[in-house]
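Residue numbers (the working numbering), protein chains in the order written: chain F, -6 to 188; chain C, -6 to 188. No residue lacks a Cβ here, since even glycine has one placed at the ideal position from N, Cα and C. For clarity, every value in this text was computed on a predicted model and none was experimentally measured.
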DNA sequence: TCCGATCCGTAACAAGCGTTCCGGTAACGG
DNA sequence: CCGTTACCGGAACGCTTGTTACGGATCGGA
């Protein structure tokens, strides 16, 4: 026997480095060497931790979703009233702060990578549909009088609004500032309440 | 003197090939060789038509915007009532048909490329802000009683909704079908009318 | 203490990239 | 009809990429 490595720790550290590089240098700059340098290790460690580059991307994408899902869980639990819970979930999903905007850039990068990689596309679909279901359930609690169709339509619109805000803020943070995003979400919530 | 080349024709053909490759193989598959093969020419012609790869991307991005702007102009002119004009513009911007969905994939690709390329980011901002202003003006015609702030907020929400629908439909066309997109846009328009 | 198994950094590999350059070729003017 | 000139294809270059293989470093157990 000999020294035991911290596999899970390496995976998480390399995934974090992947996010960082992806946010800063985009998809084209996301090389194994750049990830290794950002993580402070060699490219050898990267491919001892993951079988290949795609596996690294898949792990980073999955971990990103788990983080956001946990954050959404916390936001959802914080709100007592159904509408407050819905607001909290939508607001934390939007890219208000700087680190959230970095996360939005990473999200756009993974989205573009999913255009060519079927596995990443599968992951994106699964995660986005889970988010859609979450909003749908919150919406049903807010408006139990709505039909399932109407609830579904409204959930689709809310999710599209939030992800559209994120995507646009990733490249144009001035126009889509935190205040502009909050105002847009608040207006959409107002519609939910009033209609 | 000798034979004269069709510079503009080559530029347009290569830009179209760029869109096609970008939609099918993503950012990573967007190589000069792939573009040349799709256009049915050699890589030499590509770099005789454009100084380098970035210039090709910039031209393709600009041409894409001009096409969509022309289509938006046509949609805007077709509607007699202000609300109908707004509806027509939003609907043509959404990715209902198959070729529109391909366009949405291209848009996502350029968006991700803009994360690392400042020039592409500049173009994206300019084009998106122009679209935002267009919606803002249409909205002002629909609701002259609204304040400028309220008009601006609503325009931001509408643009984010449409671009979010496009981005999500690019990777998950089943969930974000043409019908789902139209329903989401129609619901947003209903809010404009009712509020 | 020393052995041996385990882990990781280094260096090399082939493949593919953007880009350059030159030779053949096609078209126009005389 | 022919010579000149502009144009384009294709091969080559240097570089970077993902991936692999090897050797040294490092720790646990006897």
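Would the beta-carbon of residue i fall within 8 Å of that of residue j?
i, j, result
"residue 54 of chain C", "residue 166 of chain C", "no"
"residue 131 of chain C", "residue 78 of chain C", "yes"
"residue 181 of chain C", "residue 63 of chain F", "no"
"residue 107 of chain F", "residue 102 of chain C", "no"
"residue 157 of chain C", "residue 74 of chain F", "no"
CB-CB under 6 Å to residue i, same chain, minus the five flanking residues each way: which ones, in chain order?
i, result
"residue 29 of chain C", "35, 36, 39"
"residue 72 of chain C", "78, 81"
"residue 88 of chain F", "94, 97, 159, 162"
"residue 76 of chain F", "135"
"residue 140 of chain F", "none"
Looking only at its chain, what residues have a beta carbon closer than 8 Å to the beta carbon of residue i, apart from the 5 residues adjacent to it on each side?
i, result
"residue 84 of chain F", "68, 175, 178"
"residue 0 of chain F", "42"
"residue 152 of chain F", "121, 124, 125, 128"
Can you give me the C-alpha to C-alpha distance between residue i and residue j, rounded to a whole angstrom?
i, j, result
"residue 47 of chain F", "residue 25 of chain C", "23 Å"
"residue 18 of chain F", "residue 110 of chain C", "9 Å"
"residue 60 of chain F", "residue 100 of chain C", "27 Å"
"residue 57 of chain C", "residue 52 of chain F", "34 Å"
"residue 154 of chain F", "residue -5 of chain C", "56 Å"
"residue 184 of chain F", "residue 7 of chain C", "45 Å"
"residue 136 of chain C", "residue 129 of chain F", "30 Å"
"residue 5 of chain C", "residue 65 of chain C", "20 Å"
"residue 2 of chain F", "residue 92 of chain F", "22 Å"
"residue 124 of chain C", "residue 22 of chain C", "29 Å"
"residue 187 of chain C", "residue 169 of chain C", "25 Å"
"residue 172 of chain C", "residue 44 of chain C", "43 Å"
"residue 147 of chain F", "residue 126 of chain F", "12 Å"
"residue 49 of chain C", "residue 12 of chain C", "11 Å"
"residue 90 of chain F", "residue 27 of chain F", "26 Å"
"residue 122 of chain C", "residue 138 of chain F", "38 Å"
"residue 33 of chain F", "residue 142 of chain C", "48 Å"
"residue 86 of chain F", "residue 115 of chain F", "21 Å"
Give the C-beta separation of residue i and residue j to the nearest angstrom, bearing in mind that I take them to be a contact with Cβ-Cβ under 8 Å.
i, j, result
"residue 164 of chain C", "residue 120 of chain F", "No, residue 164 of chain C and residue 120 of chain F are not in contact; Cβ-Cβ is about 11 Å, not under 8 Å."
"residue 20 of chain C", "residue 20 of chain F", "5 Å"
"residue 10 of chain F", "residue -3 of chain F", "Not quite, the Cβ-Cβ distance comes to about 22 Å (not below 8 Å), so this is no contact."
"residue 144 of chain C", "residue 133 of chain C", "5 Å"
Leaving out five residues on either side along the sequence, give the residues of the same chain with a beta carbon under 7 Å from the beta carbon of residue i.
i, result
"residue 70 of chain C", "none"
Exercise for the section: Starting from the N-terminal side, write out each stretch of the alpha helix (DSSP H) that is 4 residues or longer and does not extend beyond the segment 46 to 76 of chain C. Expected result: 46 to 71
Practice task
Can you check the segment 131 to 179 of chain F for any beta strand (DSSP E) of at least 3 residues that lies completely inside it and give the ranges in chain order?
Solution key: none
Practice task
Tell me the start and end of each unbroken alpha helix (DSSP H) in the segment 77 to 139 of chain F that is at least 4 residues and wholly inside, in chain order.
Solution key: 91 to 107, 111 to 135
Problem - Unbroken stretches of the alpha helix (DSSP H), 4 residues or longer, contained in the segment -5 to 30 of chain F - result: 0 to 18
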